[in-house]
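One line per chain: the protein sequences are A and B, in this order. Position 423 of the first sequence, counted from 1, bears residue number 748 in my numbering, the numbering being contiguous throughout. Position 63 of the second sequence, counted from 1, bears residue number 388 in my numbering, the numbering being contiguous throughout.
There are 2 protein chains.
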Amino acid sequence: MNFNKNLKDYARSIIPIYTKELIDLVKIPSISHGNKNKKDLLNILKKISKTTKKYGFKTKIIETKGNPVFVGILETGKKKPWLTIYNHLDVQPAKEKEWKTNPFKPIVKQGKVIGRGTTDDKGPALTIIHAINFLKKYNYEMPNIQLIYETEEEIGSPNFGSFLKKNKLKTPDSILISDTLFQGKNPSLTYRLRGIQVLELELETGKKELHSGVLGNAVKNPLNILIDALSKCVDEKRNVLIPGFYDNVKKIKGRELKELKNVAKRFSLKKFKDDTKAELYEENPLKLLFNIWYKPSFEIHGFEGIQYEPNVIKTSIPNKVKAKVTIRLVPGQKPKEIVKKLQKHVKKIHPKIKVITLDSVEASVTDINNKFMVKAKEACKYGFNLEPLFVATGGTIGSVHHFQKAYKKPIILIAQSLLSDGYHAPNEYFSLKQAEKGIKTMAKYINSIADFD
Amino acid sequence: MNFNKNLKDYARSIIPIYTKELIDLVKIPSISHGNKNKKDLLNILKKISKTTKKYGFKTKIIETKGNPVFVGILETGKKKPWLTIYNHLDVQPAKEKEWKTNPFKPIVKQGKVIGRGTTDDKGPALTIIHAINFLKKYNYEMPNIQLIYETEEEIGSPNFGSFLKKNKLKTPDSILISDTLFQGKNPSLTYRLRGIQVLELELETGKKELHSGVLGNAVKNPLNILIDALSKCVDEKRNVLIPGFYDNVKKIKGRELKELKNVAKRFSLKKFKDDTKAELYEENPLKLLFNIWYKPSFEIHGFEGIQYEPNVIKTSIPNKVKAKVTIRLVPGQKPKEIVKKLQKHVKKIHPKIKVITLDSVEASVTDINNKFMVKAKEACKYGFNLEPLFVATGGTIGSVHHFQKAYKKPIILIAQSLLSDGYHAPNEYFSLKQAEKGIKTMAKYINSIADFD
Numbered sequence: 326m327n328f329n330k331n332l333k334d335y336a337r338s339i340i341p342i343y344t345k346e347l348i349d350l351v352k353i354p355s356i357s358h359g360n361k362n363k364k365d366l367l368n369i370l371k372k373i374s375k376t377t378k379k380y381g382f383k384t385k386i387i388e389t390k391g392n393p394v395f396v397g398i399l400e401t402g403k404k405k406p407w408l409t410i411y412n413h414l415d416v417q418p419a420k421e422k423e424w425k426t427n428p429f430k431p432i433v434k435q436g437k438v439i440g441r442g443t444t445d446d447k448g449p450a451l452t453i454i455h456a457i458n459f460l461k462k463y464n465y466e467m468p469n470i471q472l473i474y475e476t477e478e479e480i481g482s483p484n485f486g487s488f489l490k491k492n493k494l495k496t497p498d499s500i501l502i503s504d505t506l507f508q509g510k511n512p513s514l515t516y517r518l519r520g521i522q523v524l525e526l527e528l529e530t531g532k533k534e535l536h537s538g539v540l541g542n543a544v545k546n547p548l549n550i551l552i553d554a555l556s557k558c559v560d561e562k563r564n565v566l567i568p569g570f571y572d573n574v575k576k577i578k579g580r581e582l583k584e585l586k587n588v589a590k591r592f593s594l595k596k597f598k599d600d601t602k603a604e605l606y607e608e609n610p611l612k613l614l615f616n617i618w619y620k621p622s623f624e625i626h627g628f629e630g631i632q633y634e635p636n637v638i639k640t641s642i643p644n645k646v647k648a649k650v651t652i653r654l655v656p657g658q659k660p661k662e663i664v665k666k667l668q669k670h671v672k673k674i675h676p677k678i679k680v681i682t683l684d685s686v687e688a689s690v691t692d693i694n695n696k697f698m699v700k701a702k703e704a705c706k707y708g709f710n711l712e713p714l715f716v717a718t719g720g721t722i723g724s725v726h727h728f729q730k731a732y733k734k735p736i737i738l739i740a741q742s743l744l745s746d747g748y749h750a751p752n753e754y755f756s757l758k759q760a761e762k763g764i765k766t767m768a769k770y771i772n773s774i775a776d777f778d
Numbered sequence: 326m327n328f329n330k331n332l333k334d335y336a337r338s339i340i341p342i343y344t345k346e347l348i349d350l351v352k353i354p355s356i357s358h359g360n361k362n363k364k365d366l367l368n369i370l371k372k373i374s375k376t377t378k379k380y381g382f383k384t385k386i387i388e389t390k391g392n393p394v395f396v397g398i399l400e401t402g403k404k405k406p407w408l409t410i411y412n413h414l415d416v417q418p419a420k421e422k423e424w425k426t427n428p429f430k431p432i433v434k435q436g437k438v439i440g441r442g443t444t445d446d447k448g449p450a451l452t453i454i455h456a457i458n459f460l461k462k463y464n465y466e467m468p469n470i471q472l473i474y475e476t477e478e479e480i481g482s483p484n485f486g487s488f489l490k491k492n493k494l495k496t497p498d499s500i501l502i503s504d505t506l507f508q509g510k511n512p513s514l515t516y517r518l519r520g521i522q523v524l525e526l527e528l529e530t531g532k533k534e535l536h537s538g539v540l541g542n543a544v545k546n547p548l549n550i551l552i553d554a555l556s557k558c559v560d561e562k563r564n565v566l567i568p569g570f571y572d573n574v575k576k577i578k579g580r581e582l583k584e585l586k587n588v589a590k591r592f593s594l595k596k597f598k599d600d601t602k603a604e605l606y607e608e609n610p611l612k613l614l615f616n617i618w619y620k621p622s623f624e625i626h627g628f629e630g631i632q633y634e635p636n637v638i639k640t641s642i643p644n645k646v647k648a649k650v651t652i653r654l655v656p657g658q659k660p661k662e663i664v665k666k667l668q669k670h671v672k673k674i675h676p677k678i679k680v681i682t683l684d685s686v687e688a689s690v691t692d693i694n695n696k697f698m699v700k701a702k703e704a705c706k707y708g709f710n711l712e713p714l715f716v717a718t719g720g721t722i723g724s725v726h727h728f729q730k731a732y733k734k735p736i737i738l739i740a741q742s743l744l745s746d747g748y749h750a751p752n753e754y755f756s757l758k759q760a761e762k763g764i765k766t767m768a769k770y771i772n773s774i775a776d777f778d
């Protein structure tokens, strides 16, 4: 049995079917933002259920406190380890006026399927199903498969942790996710993600707004005080000034440092600037990447209880103000400990500043030297025919944290999308050539870990 | 001719007529905020025109780029100096749900006229007309009179400066205004007002909002940077940190210090706390009053371009942010110079921070030892039968600045209202007893300066 030839033929010949299936998925506007499209979210799971049944999966749709989750099981009948494959079928809204076609009436043009969710994450989610179908059809080795495709990823997977806890799922030996991006032109394996603590700093110094002329300088202005406190939390070089904040942050070294240098070497500052159109804190690629991936951040997003209307300044002093903050965390930093340290710090500035904690997710990391990683790298090189890079991300994928917490098993993130596909952007597409390579990569990977546990 | 007895009788016997006239004024909802009530503003001037004609004034209503102004002239026919009397007939909105009666259907209860504008400033504006009528009726000495009653005071008199410049008005030898507050229970003469510079600090570091996870710590967050800049403009003790900010601020001493101490001695901290319901920077009365009256302030009111919606924190970094700031100025500080110093200061923090100047008004001061002041003090003691205090205010009355700039003549602010009347608050009232005393005070004052120039 010539694996390589069979896979090449399958991946090429399946594309017309794959295209039709992807179009059917994209037609369903499964937007999770705004909580108004429950029916579409259920419909997308019914659709994936129908598709996977065709390929031999046993399927169910599980309700949660939030949006439903699809689970598809394909057992090999042999004593094999369990691989859980996670992706999501909800999509971002698509109201950008730059859309040239209807985002939910996908078209195929120049080898690309264009529409909302094509690359994030319906296209990649579908390649994996065909990768598995290939292995099954030709009777190649593979682990037992459990698909978990959810519909709340784009809103931060708020119910995914409790979903994992409450349901009788197969305990995986490893987890495969395909919801990340190539690093420039290179395939990538994301082994490290920052966590997040979302919080508010609240200060109430009075019961009503007061006149800033008649009483200004006498009655406290909570906005002035919070600004003072915030300026003492982070400096202009992005160093966080909260005592003890960096206590458990490990220095990057060894393999991680080597891989970072490898990415930095290929990094195009020009392209980064063209994409972001923003001033940068740092233009040295190594330092720039380090700051996003390995350095925690303290970002201020806004305020409540203040004047925000354009072109109006009223002569009133606010009485109750909240600052909106997110702290991105790196491995080693526990959200609860960080919050405690922040609380202690801001209380020194004003004893009545309250820290109100909202969502939090710990950072995640998978050892680059892990055997699954080694196979994933080989599979990427095989399928995409380009050097794969080990990368981190400054972002947070809620499910990764929940998987790590629930199972403590290797989580492998293999990218199939490119930033230029229009991730979270208008005119999003997924190239069918990339789909073909994705099917090959995924089949190779899943086959190569068939006996790992 | 017994001046005292005649005045006492007039002030008492005119109250029923005064009450009816005040009620007619208050019935017209002459709200200047929101720019929707032009007709009411014209109507209130027509009404005051009708009333003053009855008392022998020649009247006209002058249009401006903004709201109209009433001018009433009463010449003595003798070679007398000119006294300009300024008040305003526009009122604050009255949407507070605490109103127990219809704010624009005034009632009389327990010797008080209740309704929006009764004490600010229709009641006081009307006592002066009766004070003049008294002097005219009995043929007592008085200067030539020019009433200027405008309808933009509650929105900062934005067109008053150009009104004074563009129209052929009588050049006054002094100006009388009755739009201030008693100091606690004591009559007050406001000899000093802070000025104001309204401004925005703007920083744009990018063309679009970006993802705070994927790009946070790499792309600049203009809100973080502006907060850093603002924290370097003012410290927690309300000291402004802009280099050179205090250069032309004179130390308070001599008569001013003496009068401040006199007020501080009578100051009720408890009452101040009950009224403001706010935390204070300073509880020592002398320091507290000093900070409002003699110390400039740097107040932060809000931001544009940031997240302000309750209970939502999106993972985006803003790209263009404006901070809303007012600086209250003291005599000696020129708005333009202060803005230059601020510009220079914030540019050191980020070269692209722009200072956008909006309204500005210089601080005003009238010498306490001025002969008009001496007579005003005597008149207050005579009319209100209580020790008058020389006070300053942290607030800004736009017209005072414009009068000072246009004429460089003494401006005398005699208060008739009490804070407890509900200035800018629900259930505003003006007590008829206070009106009676006001008429006596004003008549006494106007008579006593009949030959001053």
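No residue lacks a Cβ here, since even glycine has one placed at the ideal position from N, Cα and C. Quick caveat: nothing in here was measured; it's all calculated off a predicted structure.
What residues of chain A sit near residue i, judged by a beta carbon separation below 9 Å?
| i | result |
| --- | --- |
| Glu-629 (chain B) | Gln-632, Tyr-633, Glu-634, Pro-635, Asn-636 |
| Glu-421 (chain B) | Chain A residues near Glu-421 (chain B): none, gap ~11 Å exceeds 9 Å. |
| Thr-651 (chain B) | Ser-537, Gly-538, Gly-541, Ile-638, Thr-640 |
What does residue i reach in chain A if we use C-beta pairs closer than 7 Å?
| i | result |
| --- | --- |
| Lys-434 (chain B) | Going along chain A, no residue has its Cβ under 7 Å from Lys-434 (chain B), so there is no contact; the nearest lies around 25 Å. |
| Val-559 (chain B) | Asn-549 |
| Tyr-571 (chain B) | None at all; the shortest Cβ gap to chain A is about 14 Å. |
| Val-523 (chain B) | Ile-638 |
| Leu-683 (chain B) | Ile-638 |
| Thr-426 (chain B) | Ordered by position in chain A, no residue passes the 7 Å Cβ test against Thr-426 (chain B), which lies about 21 Å from the chain. |
Run down chain B in chain order and give the residues with a C-beta less than 9 Å from the C-beta of residue i.
| i | result |
| --- | --- |
| Gly-719 (chain A) | His-536, Ser-537, Gly-538, Val-539, Leu-540, Gly-541, Asn-542, Ala-543 |
| Arg-519 (chain A) | Gly-538, Gly-541 |
| His-626 (chain A) | Ser-537, Asn-546, Leu-548, Ile-631, Gln-632, Ile-638, Lys-639, Thr-640, Ser-641, Ile-642, Pro-643 |
Under a three-way DSSP split, which group does residue i fall into?
| i | result |
| --- | --- |
| Lys-363 (chain A) | helix |
| Arg-591 (chain B) | helix |
| Asp-334 (chain A) | helix |
| Thr-443 (chain B) | helix |
| Ala-768 (chain A) | helix |
| Asn-542 (chain B) | coil |
| Trp-424 (chain A) | coil |
| Gly-579 (chain A) | helix |
| Thr-530 (chain B) | coil |
| Thr-505 (chain A) | coil |
| Lys-403 (chain A) | coil |
| Gly-520 (chain A) | strand |
With residue i as the anchor, note down where its alpha helix (DSSP H) starts and where it stops.
| i | result |
| --- | --- |
| Phe-755 (chain B) | It is not in any alpha helix (DSSP H) - Phe-755 (chain B) instead sits in the beta strand (DSSP E) that spans 754-756. |
| Thr-452 (chain A) | 448-462 |
| Tyr-633 (chain B) | Note, Tyr-633 (chain B): premise wrong, no alpha helix (DSSP H); not H, not E. |
| Phe-395 (chain B) | No alpha helix (DSSP H) contains Phe-395 (chain B), which is instead part of the beta strand (DSSP E) from 394-399. |
| Gly-657 (chain A) | Run containing Gly-657 (chain A): none; DSSP gives neither H nor E here. |
| Val-351 (chain A) | 340-351 |
| Ile-552 (chain A) | 547-556 |
How about residue i and residue j: do their beta carbons lie closer than 7 Å?
| i | j | result |
| --- | --- | --- |
| Glu-346 (chain B) | Leu-451 (chain B) | yes |
| Asn-511 (chain A) | Leu-714 (chain A) | yes |
| Ala-623 (chain B) | Cys-558 (chain B) | Just to set this straight, residue 623 (chain B) is Phe in the shown sequence, not Ala. Yes. |
| Val-655 (chain B) | Arg-519 (chain B) | yes |
| Leu-535 (chain B) | Ile-638 (chain B) | no |
| Thr-409 (chain A) | Ile-473 (chain A) | yes |
For a contact meaning CB atoms closer than 8 Å, what does residue i contact in chain A?
| i | result |
| --- | --- |
| Ser-556 (chain B) | Ile-552, Asp-553, Leu-555, Ser-556, Lys-557 |
| Lys-620 (chain B) | Asn-542 |
Determine the chain B residues that contact residue i at a beta-carbon separation under 8 Å, and present them in chain order.
| i | result |
| --- | --- |
| Gly-440 (chain A) | Ordered by position in chain B, no residue passes the 8 Å Cβ test against Gly-440 (chain A), which lies about 21 Å from the chain. |
As an exercise, report each continuous alpha helix (DSSP H) stretch of at least 4 residues that is fully enclosed by the region 659-703 of chain B, in chain order. 660-674
Completely contained alpha helix (DSSP H) runs for the region 703-745 of chain B, where each covers 4 or more residues: 723-732
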